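Under this note's numbering, the first residue of the sequence shown is numbered 665, with each subsequent residue one higher.
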Amino acid sequence: MVVAGSRFGRIYLAGIAQAADRYELAGVLARGGERSRAVAEHYRVPLLTGVDDLPDGVDIACVVVGTAINGGPGAQLAEALLDRGVHVLQEHPVHPDELARCLRQARRAGVAYQLNTHYPHVAPVRRFLDAAARLVAAGQRPLFVDAMAGIQVTFSLLDIVGRVVGRLRPAGFADPVALPEAVRRMSEVDVPYRSLDGVVGGVPVTLRVQNQLDPADPDNHAHLLHRVTVGFPGGLLTLTGTHGPVLWSPRAHLPRSAASLVDLAAAPEDYLDLPSTAPLGPAVAESYREIVGGLWPQAVARALDELVRVAAGERDGQAEGQYHLGVCRLWQEVTRRLGPPELRERPEPRPLALTQLAERQEVSA
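The following block contains the structure:
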């Protein structure tokens, strides 16, 4: 297989290396810049500068190159690879017209094409989605979704919301309500989030999006990537961050039997003994070094495994493609309603360690 792109493509390359028992890297497809040359040299594979340079026997390509949305040729590159009979895994986002063309081209060429929104394959997000599916299977229908994200990952946020609800349609959002200028002026710092109310899959959804970008560093400066809470009749399921932890909070409810009790804790209901919040899986998320070196590459390997199952006829790639077309269109609606991101230059942040926070608490005590 080959990987096109050497920016986020480095995560794909690491994922392939970690899955060397089932995938073999044959080259890096890039323009030939210094980073691309260094990456190809590191993995001891040739640097390819065009589709015509692909060696014989390449059957899978990962296209990790920007598309028309951000001025890149990723969709055209994917179509050219599909035309050569190569299965393609393409990193998001993609314009819906480009996605539709790639799906048609894959069908004509008899090969597999999958859009990869990446984050649903990351282990904590998977744990969150699996827990939601188990709740639904047990008769707990979602009552609402409260979701937050940086503008950079709003596409994948909508994918996560669609999957946690179980479907996309019916779906739509209202325009965000602007904060009155008199109230905005009361804030001594900028107001980062815009809120939109809407419906996804028949479930009410509130989105809070940090609609801001640093033009010199557009991939950074999100206060968080994803945070999602889903309300069920029996409690709240929360993905506190993209990389966990996942929390379950049983429904807060004081029983009627307590109305006549002097000691509220003496109420007989067993559910009062449940932890008010408990982690599902690890209680502490992995470090950022472990995320980029482990969780993200592992997610790429899982996405590749799904592509292979589509190629083998074990999964319906066209149905998944139609779902992603729906995500594309919903994302277009959300970004249109949000309007252009505010462009703000930001200084390099200084992440604070928990130990420093604990030390400060001890001093203040």
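Glycine is no exception: its CB is placed at the ideal position from the N, C-alpha and C atoms. Predicted, not measured: the structure shown is a model, and the values here were computed from it.
| Check | Outcome |
| --- | --- |
| Selected residue, minimal CA-CA separation from VAL956, among ALA764, LEU677 and ALA931 | LEU677 |
| Classification of VAL817 by the beta-carbon crowding that lies within 10 angstroms, buried from 16 upward | buried |
| Residue nearest to ILE675 in terms of C-alpha spacing, selected from VAL715, ASP720, VAL727 and ASP717 | VAL727 |
| GLU970 (DSSP reduced to helix, strand or coil) | helix |
| In chain order, each beta strand (DSSP E) run of at least 3 residues that lies wholly inside the segment 692-735 | 724-727 |
| Alpha carbon of GLU997 to alpha carbon of GLY836, nearest angstrom | 8 Å |
| Enclosing alpha helix (DSSP H) for ARG858 [first to last residue] | Looking at the DSSP string, ARG858 is not in any alpha helix (DSSP H); the run it does join, the beta strand (DSSP E), is 857-864. |
| Closest residue to PRO1013 among HIS885, LEU989, GLU1006 and TYR935 (Cα-Cα distance) | HIS885 |
| Among ARG1001, ASN875, ARG790 and GLN769, nearest to VAL892 - alpha-carbon criterion | ARG790 |
| Alpha helix (DSSP H) segment containing GLY655, residue limits | Any property of residue 655 remains undetermined from this structure, which presents the chain solely from 665 to 1029. |
| Assigned exposure category for TYR952 - 16 Cβ within 10 Å defines buried | exposed |
| First through last residue of the alpha helix (DSSP H) which encompasses PHE792 | 787-801 |
| 8 Å Cβ cutoff met for GLN778 and GLU950 | no |
| Runs of alpha helix (DSSP H) wholly within the segment 803-843 (minimum 4 residues, chain order) | 818-829 |
| Heavy atom of the ligand ZN within 7 Å of GLY836 beta-carbon | This structure does not include the ligand ZN; it has no bound ligands of any sort. |
| Proximity to ALA742 [Cα-Cα], best of ALA668, PRO919 and LEU821 | ALA668 |
| Identity of the residues DSSP links to PHE896 by a beta bridge | GLY899 |
| Three-state class that DSSP yields for GLU755 in the structure shown | strand |
| Exposed unless 16 or more other CB atoms sit within 10 angstroms - verdict on SER820 | buried |
| PHE896 and LEU807 closer than 8 Å at C-beta | yes |
| Given PRO879 as reference, the closest of ALA744, VAL758, PRO1004 and GLU705 once Cα atoms are compared | PRO1004 |
| Host beta strand (DSSP E) of ALA942 (start-end) | 942-944 |
| N- and C-terminal bounds of the alpha helix (DSSP H) containing PRO760 | 760-773 |
| C-alpha gap between HIS706 and VAL864, whole angstroms | 44 Å |
| Any 3 or more C-beta pairs closer than 8 Å across the segment 902-915 and the segment 846-861 | no |
| Member of ALA842, ASP747, TYR987 and ALA1022 whose CA lies at the smallest distance from the CA of GLY830 | TYR987 |
| Helix, strand or coil at ALA784 according to DSSP, with G and I counted as helix | Looking at the sequence itself, residue 784 is Pro, so the reference to Ala does not match. Reduced to three states, the DSSP call for PRO784 is helix. |
| Sub-8 Å separation of LEU843 and VAL855 beta-carbons | yes |
| Which of helix, strand or coil DSSP assigns to LEU911 | strand |
| Beta-carbon contacts of ARG858 that lie in its chain and below 6 Å, excluding the five residues immediately before and after | PRO840, VAL873, ASN875 and LEU1002 |
| Sub-8 Å separation of ALA725 and VAL775 beta-carbons | no |
| Residue range of the unbroken beta strand (DSSP E) whose run includes LEU938 | Looking at the DSSP string, LEU938 is not in any beta strand (DSSP E), and its letter there is neither H nor E. |
| N- and C-terminal bounds of the beta strand (DSSP E) containing LEU741 | Note, LEU741: premise wrong, no beta strand (DSSP E); alpha helix (DSSP H) at 738-747. |
| Residues bridged to HIS890 [DSSP beta-bridge criterion] | ALA813 |
| Extent of the continuous beta strand (DSSP E) run through LEU871 | 867-874 |
| Rounded straight-line distance, which links the Cα of ARG708 to that of GLY691 | 8 Å |
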